[in-house]
Every structure is written in C-alpha cells, then in structure tokens.
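Each protein sequence line maps, in turn, to chains A and B. Quick note on our numbering: the first sequence kicks off at 1 and runs consecutively. Quick note on our numbering: the second sequence kicks off at 205 and runs consecutively. Cβ coordinates follow ideal geometry from the N, Cα and C atoms, glycine included. This report refers to the structure that appears directly beneath it.
2 protein chains.
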Amino acid sequence: MDNGKVGDKRHLRSIMTRQKLLEAAKEIFLEEGFQAAVISQMIKKANIGYGTAYVHFKGKEDLLIVLMENVMDQFYEIAETSFFPKSKDEAERIINKQANAFLKMAEAERNMMQVFEQAIGISTVISDKWKAIRVKFIQRISKDVAYAQQNGLARAELNHELVARGWFFANEMYLWEIVRNEHQSSVEEIAKTITSVYVEGLYL
Amino acid sequence: MDNGKVGDKRHLRSIMTRQKLLEAAKEIFLEEGFQAAVISQMIKKANIGYGTAYVHFKGKEDLLIVLMENVMDQFYEIAETSFFPKSKDEAERIINKQANAFLKMAEAERNMMQVFEQAIGISTVISDKWKAIRVKFIQRISKDVAYAQQNGLARAELNHELVARGWFFANEMYLWEIVRNEHQSSVEEIAKTITSVYVEGLYL
DNA sequence: TTAACTTATTGACATCATGTCATATTCTTT
DNA sequence: AAAGAATATGACATGATGTCAATAAGTTAA
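Listed below in structure tokens is the structure:
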C-alpha cells in the first residue's frame with residue numbers, strides 16, 4: 001500500500017469515474033453525433049452507474065463543453081493575435097495567414113467540430129460558448145480595421161464594426177463548410193480568395 | 205373516384221382540421237420556439253384528437269415546413285433575380301438592392317424566421333430546405349460574378365464560385381443576426397457597407 | 001481498531017414527449 | 001338502410017431524461 005500522503009483515494013476514484021465517462025462520451029458523440037448521442041449509452045460504455053453521470057455532469061451539453069475546451073481555447077488563441085500592418089501588402093499577408101489558421105482548425109478538429117456544429121444548433125449553452133468566440137474574433141478584427149483606417153491604410157468611410165462582422169461571417173461559414181467536408185477547393189485557395197476580395201475591398 | 209362536386213363534406217372537414225392544426229402550430233411555435241414546441245400542445249389548442257395530427261403531418265418538422273413555404277418561396281424569388289451590369293457603379297447599385305431585399309426578409313418575417321433558425325439547427329429535413337435555398341443563391345451569384353469577369357468588369361483571377369460563396373455567407377450571417385435582433389445598425393447601413401467592400405474588392 | 005462521518009455511487013422511479021394502431025365516427029354510395 | 005370509404009381518436013408502447021433515497025466506499029478521530 002502506498003502511504004505517507006493524504007487519504008485521497010476516494011477523490012482519485014471520483015476523478016477516474018469522471019474520466020471514464022468523458023472518454024465514453026467522446027466515442028459516442030463521434031459515433032452518433034450530438035443529437036442522437038444518448039447519455040445512457042455513454043454510461044453503459046463507461047461502466048458506471050446511471051445516476052453517477054449526473055453527479056459529474058449536468059447532461060450531454062455539459063459533457064461536450066468539457067470535451068471541446070481545448071478546441072475552444074485554440075480558437076481564442078487565434079482570435080487574440082492582433083497585428084499592425086504598415087502597408088496593404090503586409091496586411092494581406094497577415095490576414096491571409098490568419099484566415100488560414102482559422103480555417104485549418106476545421107480540418108484539424110473536423111470530427112469533434114462536426115459534433116460541435118450540431119450541438120450549437122441544439123443547445124443554448126453551447127451556442128453561447130461559440131457566440132463568445134465569435135464576439136472575441138469580431139472585436140479583434142474591428143480593432144485591426146480601425147487601426148488600418150487611422151493609419152490611412154483602409155477606407156475610412158466604412159463602419160469598421162460592420163466590415164469586421166462581414167469578414168468574420170464569411171470565414172465562419174467557410175469553417176463549417178470545411179467541417180462538413182462540403183468544400184470543393186483547398187483551404188489555402190479559399191483563404192487566398194476571400195482574403196483577396198476583402199483586402200482589395202477595404203484597403204487603399 | 206372524386207367528382208369534386210357532390211359529397212365532399214368529409215374532405216372539407218379534413219381540410220378544416222388540417223388548417224386548425226396549422227394555425228395552432230404557428231401560435232405554439234411563436235410562443236415556444238421550435239425546440240420547446242410540443243405537438244400535444246398544438247393538438248390541444250387545435251381541439252382535435254391526438255392521433256389526428258399524425259394523419260395530416262409527420263411531426264413538428266413537417267408542420268413547420270408547411271408554415272414556412274411562402275417565406276421560402278420569397279427567398280427563391282429573390283435568389284432568381286439575375287442581372288447584367290454594364291459598369292461597376294451599376295453593379296454596386298443592383299447588388300446593394302439585392303442585399304437589401306435579402307436582409308429585409310429578416311425584418312419582415314422575423315418571428316417565424318426565429319423559429320426557422322432554431323429548426324435548421326435541430327432538424328435535418330428543415331436544414332436541407334435552407335441549404336437548397338443557399339445553393340440557389342450561390343449559383344445565381346456565381347453566374348453573376350462569372351458574367352462580370354467575362355465582361356472585363358471584375359477581377360478575372362478570382363475563383364467566381366469561391367467569391368460567390370463568401371459573399372452569400374456574409375449576407376446570410378447578417379440575415380440571422382437581424383432575425384435575432386442582434387444587429388446594431390440599420391439594414392440599409394449593413395447592406396451598404398458589405399456591398400461596398402464586396403464590389404470594391406471584386407470589380408475593377 | 002472501530003465508530004462516526006464524509007463523499008461518491010447507484011438504479012429504481014417519476015416524468016414527459018413521441019408515434020402507432022385498432023377502433024370508432026362520420027360521411028358517401030349503392 | 002346497408003355496405004363501404006375516408007377521417008378521427010385516444011390508449012398504449014417506447015424511449016430518453018433527471019432525481020433521489022439508499023448504499024457503498026473511504027477518511028478521521030478517539
């Protein structure tokens with residue numbers, strides 16, 4: 001027996017239980033999608049008692065949120081990268097890179113993102129999580145646009161907030177399209193094209 | 205066989221039943237949203253027997269699709285309006301007008317569109333209905349872009365399909381934003397801004 | 001070591017929505 | 001008016017959810 005430390009065997013077991021459930025949940029989500037995924041299935045797969053699941057999580061939604069935490073953090077990371085271009089060309093290069101990074105997330109996390117997309121449509125809580133990410137992006141882009149306008153790089157007559165939203169929206173929809181594997185062109189091609197239209201339309 | 209004249213009292217009653225249910229359904233949908241709307245509630249409100257609802261409709265989804273038919277038709281109508289501009293300025297005017305018409309739908313049909321948006325996230329059948337509308341729009345826009353490119357009005361190096369999607373995506377997301385009443389600016393302002401960036405970015 | 005206490009687990013149960021189907025009702029035809 | 005056809009009906013089977021009182025497992029302190 002191990003000793004010396006605090007008696008936290010109980011707590012450890014609890015963590016194991018939680019973990020088992022999370023893993024089972026992920027498998028079921030990937031197999032069934034969010035809609036069709038059923039808690040009792042996860043419980044069965046995790047080999048725990050029915051009620052136990054509800055001790056650890058409030059329900060399906062809660063489970064998925066935990067499973068998506070790292071992905072959401074990655075989006076926040078991308079969203080936080082601000083930039084201060086000195087020229088239109090530099091802007092285009094950076095914006096293209098960011099659009100790429102954003103869209104690449106769809107490929108990198110495609111399976112869980114598919115589940116996530118479904119869940120956004122169904123669960124208010126999860127939808128709010130995504131909305132928060134969206135807000136973050138739009139705020140960042142808004143600032144970038146305003147900066148470019150202040151420095152005489154971008155058309156000052158445009159409402160920077162509206163421009164930022166429009167730009168993000170196009171990116172977001174492409175993201176989901178890639179998630180669903182419905183895109184025809186490569187991510188690079190997509191990023192290049194929309195960036196080009198955007199930069200040409202906004203910058204001077 | 206049906207003679208259309210005599211003895212159609214039964215058929216008429218059936219139509220009335222269907223109608224009563226549709227009206228009740230609309231009320232419930234508007235009160236509760238798609239998710240929370242419950243068939244038994246509609247049945248109660250319509251004063252018909254439980255099983256009767258299933259004689260006329262397959263379920264909630266089916267009911268909503270019928271209720272949204274005219275709205276969907278309006279979208280198709282807007283989507284079908286193609287155009288052949290002779291100059292960048294003319295293009296901007298027409299595109300702005302179309303974006304406006306599209307976004308105005310959100311205001312005109314806001315309540316049912318709110319229900320519809322929820323339903324798109326939840327029901328595959330309804331989601332497919334919207335996807336068909338989207339495809340229609342993108343096809344139309346794609347053609348418009350290609351036409352402009354062929355006539356030396358737009359940057360020929362861009363993939364017209366990708367440009368069209370991006371443009372529609374921005375419009376679509378704004379549409380939902382307006383549906384949810386989350387927009388800050390007026391529809392006109394939104395349309396003007398995104399059109400301006402788009403036209404400046406695409407046309408020569 | 002044991003008794004009291006705390007924390008975690010459990011499955012039976014109550015609840016609620018759905019869709020089906022055998023039966024009943026209402027209307028039409030002969 | 002009897003047979004036949006189209007509609008309507010609600011009881012029922014099904015399946016998912018979340019709760020909770022009871023129990024088990026682990027910890028602490030005497």
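By how many angstroms is the C-alpha of residue j removed from the C-alpha of residue i?
i         : j         : result
A:Val-187 : A:Arg-165 : 21 angstroms
A:Ala-108 : B:Tyr-280 : 35 angstroms
B:Tyr-258 : B:Glu-294 : 52 angstroms
A:Glu-69  : A:Ser-142 : 25 angstroms
A:Leu-175 : A:Phe-102 : 8 angstroms
B:Lys-410 : B:Thr-285 : It is not possible to answer for residue 410 of chain B, since the shown part of chain B is limited to 205 through 408.
B:Ile-219 : B:Ile-232 : 20 angstroms
A:Lys-9   : B:Gln-322 : 45 angstroms
A:Ala-99  : B:Thr-256 : 52 angstroms
A:Arg-18  : A:Leu-63  : 10 angstroms
B:His-260 : B:Met-246 : 13 angstroms
A:Glu-31  : A:Ser-40  : 14 angstroms
A:Lys-88  : B:Ser-291 : 26 angstroms
A:Thr-193 : A:Arg-93  : 12 angstroms
A:Phe-84  : A:Arg-155 : 16 angstroms
A:Leu-67  : A:Trp-130 : 14 angstroms
B:Phe-373 : B:Ile-299 : 15 angstroms
A:Lys-44  : A:Ile-120 : 25 angstroms
B:Thr-399 : A:Gln-35  : 37 angstroms
A:Lys-5   : A:Glu-182 : With a pLDDT of only 42 at A:Lys-5, under the threshold of 50, the placement of this residue in the model should not be trusted; the figure read from the coordinates follows. Rounded to the nearest angstrom, the two C-alpha atoms are 54 angstroms apart.
A:Glu-177 : A:His-160 : 26 angstroms
B:Ala-395 : B:Arg-217 : 47 angstroms
Got a sec: is the Cβ-Cβ distance from residue i to anything in chain B below 8 angstroms?
i         : result
A:Val-163 : yes
A:Val-197 : yes
A:Ala-170 : yes
A:Asn-159 : yes
A:Ser-142 : no
A:Gly-59  : no
A:Ile-122 : yes
Kindly indicate the opening and closing residues of the alpha helix (DSSP H) around residue i.
i         : result
A:Val-187 : 187-202
B:Thr-328 : 328-354
B:Val-270 : 264-284
A:Asp-89  : 88-108
A:Arg-13  : 9-36
B:Phe-261 : Counting along the chain, B:Phe-261 falls outside any alpha helix (DSSP H), and DSSP gives it neither H nor E.
A:Glu-161 : 160-179
B:Ala-360 : Note, B:Ala-360: premise wrong, no alpha helix (DSSP H); not H, not E.
A:Gln-184 : Counting along the chain, A:Gln-184 falls outside any alpha helix (DSSP H), and DSSP gives it neither H nor E.
A:Ile-48  : Counting along the chain, A:Ile-48 falls outside any alpha helix (DSSP H), and DSSP gives it neither H nor E.
Can you check whether the C-beta of residue i is within less than 8 angstroms of a C-beta belonging to chain A?
i         : result
B:Leu-406 : yes
B:Tyr-378 : yes
B:Glu-393 : yes
B:Thr-397 : yes
B:Gly-370 : yes
B:Ser-389 : yes
B:Gly-208 : The predicted position of B:Gly-208 is uncertain, since its pLDDT is 40 and thus under 50; a value taken from the coordinates is nonetheless stated next. For B:Gly-208, the answer is no, since every Cβ of chain A falls outside 8 angstroms of its Cβ.
For residue i, is the classification buried or exposed, using 16 other Cβ atoms within 10 angstroms of its Cβ as the cut-off for buried?
i         : result
A:Arg-140 : buried
B:Val-329 : exposed
B:Gln-353 : buried
B:His-215 : exposed
B:Met-205 : The predicted position of B:Met-205 is uncertain, since its pLDDT is 34 and thus under 50; no value can be drawn from it.
B:Lys-230 : buried
A:Val-115 : buried
B:Asp-332 : exposed
A:Tyr-50  : exposed
A:Gly-59  : exposed
A:Val-38  : exposed
A:Ala-106 : buried
A:Ala-24  : buried
Does the Cβ-Cβ distance between residue i and residue j come in under 8 angstroms?
i         : j         : result
A:Glu-200 : B:Gly-237 : no
B:Leu-408 : B:Leu-362 : no
B:Ala-283 : B:Phe-341 : yes
A:Ile-65  : A:Lys-20  : no
A:Leu-162 : B:Ser-327 : no
A:Glu-189 : A:Arg-134 : no
A:Tyr-147 : A:Trp-167 : no
A:Met-112 : A:Val-71  : yes
Sorry if obvious, but does the Cβ on residue i come closer than 7 angstroms to a heavy atom of the ligand MN?
i       : result
A:Lys-9 : Looking at this structure, you won't find the ligand MN or any other ligand, since it has none at all.
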